[in-house]
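Written out below as structure tokens is the structure these notes cover.
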Amino acid sequence: MTKETRRRKSDHIRISLNQNVQARRVTTGFEDVCFIHRALPEINKQQIDPSTTVFNHTFATPLIVGAITGGTMEATKINATIAEAVEELGLGMGVGSQRAAIEDKQLEKTFTVARKKAPTAFIIANIGGVQLVNGYGSKEVKKAIEMIDADAIAVHLNPLQEAVQPEGQTNFRGVLEKIGEIAGELDKPVIVKETGAGISAEEAKKLEAVGVEGIDVSGAGGTSWAAVEYYRAKKSGNSFQRRLGDVFWDWGIPTAVSIVEVSQTVRIPVIASGGIRDGVDVAKALALGSSLTSLSQPVLRAAVRGIKETKSVLSLLMEELRNVMFLVGAGSVQTLRGVPLVITGKTAGWLRIRGFNIEKYAQRGGN
Ligand SMILES: Cc1cc2nc3c(=O)[nH]c(=O)nc-3n(C[C@H](O)[C@H](O)[C@H](O)COP(=O)(O)O)c2cc1C
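Position one of the sequence shown corresponds to residue 39 (this note's numbering), numbered consecutively onward.
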């Protein structure tokens, strides 16, 4: 990896920590999704079981820390902290793009620390879809998996980021075919994830058809990569790129919309991410049809402060989810995924125009 790329990785972390890179005008749409409160929940909160089994792995709570980092020295500590926290809490984690370590063995330890600190947690390897277009094949992907003894690999799609950054690699021709080739050659599940702009029903269908085994929607409403690039351009005095970052800051399919688009279209597990910020968002994402949920930026903020802060952020989310389950009378994740929901506002409008049945969420029986 060039010094330039390493600096870029550090910039991403620094900007995500010090600037407001959250969506400005677009929202996740979770504010349009309402549970029906139950004054007679008829369950004992102490007996609620938030565990779930997905990809043949049992998670204490359907929560994963999304891909963030690796490849720079500060990443070692961040990955170690996140790994320690998820191991203790029974959650999962994704590491950041492993391209750097595939190309420079010295950087492997910034990733391997994750497996060292989380010997039993579900860990997801990570590689860019654009790297597959540029020549990576099953050899490199297997290397990424073996490096951290991963349980699955995520291929990330970031056309928005590539389109607004000066060094962007914008040739995505053939990316789907490449993903299909990889999925056919590996014995670990291939998950395709976006990075904050969402996945539509049409794309989900194509991904499932080529053998992808999970889709992480990573929709709009949380961290914006156009915003990260806006701040990089501002620092370097590049007014052209800065304008691009500004105009595309809120680009993408809102997370709640993307969850419905994808989960009503495919049968493979859906991971919900992009702006998940509390346990109520987690519960809404599950009730809309996802099997797991994931968040990145708030955990990065906690991880640089330490293990106690990281565990605290994640434990709060877990407790908030448990509270929602109590208030809607859901003793298990499976029951939560079938409770009635009312979808209103912009999210309902979008989904109706796109032909999705949103009445079915309101008509569900619950228990
Ligand atoms: C500093 C930073 C670095 C990231 N690096 C990667 C990456 O290497 N690979 C990837 O798939 N996603 C990466 N992401 C995207 C996240 O996994 C996630 O999709 C996105 O941040 C939306 O989730 P959030 O709103 O909870 O932050 C990164 C996010 C942040 C904040």
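We treat Cβ as the ideally placed atom computed from N, Cα and C, and that holds for glycine.
As the structure is a computational prediction, the values presented were derived from the model and not from experiment.
In its chain, beyond the 5 residues on either side, D49 have a beta carbon closer than 6 Å to the beta carbon of R270.
With contacts defined by Cβ atoms closer than 8 Å, V320 and F73 do not form a contacting pair. Spatial neighbours of F160 in its own chain (CB-CB distance under 6 Å, excluding positions within 5 residues in sequence) are listed in chain order as H95, G130, D189.
Ligand 1 never approaches S328 closely enough for any of its heavy atoms to be under 7 Å from the residue's Cβ. Checking the 7 Å criterion, the Cβ of K231 is within range of a heavy atom belonging to ligand 1.
Here the alpha carbons of R46 and L55 stand approximately 14 Å from one another. Here the stretch 222 to 241 lies against the stretch 290 to 304, with 3 or more beta-carbon pairs under 8 Å apart. In the displayed model, A258 falls within a strand according to three-state DSSP.
Here P157 is exposed: its Cβ has fewer than 16 other Cβ atoms, across all protein chains shown, within 10 Å. Within the model, the alpha-carbon separation for P307 versus S329 is close to 6 Å. Counting only runs of at least 4 residues, the stretch 293 to 374 fully encloses the following alpha helix (DSSP H) elements, listed from N- to C-terminal order: 293 to 301, 317 to 325, 335 to 341, 345 to 365, 371 to 374.
The beta carbon of A118 sits closer than 6 Å to those of V151, K155, all from its chain and outside the five residues before and after it, given in chain order. Between the alpha carbons of T373 and T43 lies a gap of roughly 46 Å. Secondary structure of T150 (DSSP, three-state): helix. For E347, the closest alpha carbon among the candidates Q57, R63, E122 is that of E122.
The stretch 97 to 107 makes no contact with the stretch 79 to 86: fewer than 3 CB pairs, one atom from each, lie closer than 8 Å. Assignment of beta strand (DSSP E) within the stretch 49 to 126, counting only whole runs of 3 or more residues, yields 71 to 73, 90 to 92, 95 to 97, 101 to 103 in chain order. Beta bridge pairing from DSSP links F160 with G130. Under DSSP, G252 shares a beta bridge with I229. Nearest to F278 by alpha-carbon distance, out of E358, A201, I165, N395, is A201. In the assembly as shown, A247 is an exposed residue. Its beta-carbon has fewer than 16 other beta-carbons within 10 Å. For the set Y174, S274, V230, the Cα lying nearest the Cα of V255 is the one of V230. Residue range 213 to 223 is occupied by the alpha helix (DSSP H) that includes V213. The stretch 170 to 184 makes contact with the stretch 202 to 219; the number of CB pairs closer than 8 Å reaches 3 or more. Relative to the non-hydrogen atoms of ligand 1, the Cβ of A235 never comes closer than 7 Å to any of them. Secondary structure at I183: helix, using DSSP grouped into helix, strand and coil. With at least 16 other beta carbons inside 10 angstroms of its own, K216 counts as buried.
8 Å or more divides the Cβ of Y268 from the Cβ of G249.
Beta-bridge partners assigned by DSSP to V380: C72.
Contact between I381 and V59 is absent: CB atoms are separated by about 28 Å, not below the 8 Å threshold. S135 is not a Cβ neighbour of H75, given a cutoff of 8 Å. Non-local C-beta neighbours of K181 in its own chain, meaning closer than 6 Å and more than five positions away in sequence, comprise I140, ordered along the chain. I396: not part of any beta strand (DSSP E); DSSP gives it neither H nor E.
Rounded to the nearest angstrom, the gap between the Cα atoms of V371 and G393 is 27 Å.
Separation of N196 and K244 (C-alpha to C-alpha, rounded to the nearest whole angstrom) is 17 Å. With a threshold of 7 Å, the Cβ atom of T261 counts as near ligand 1, since some heavy atom of the ligand is closer than that.
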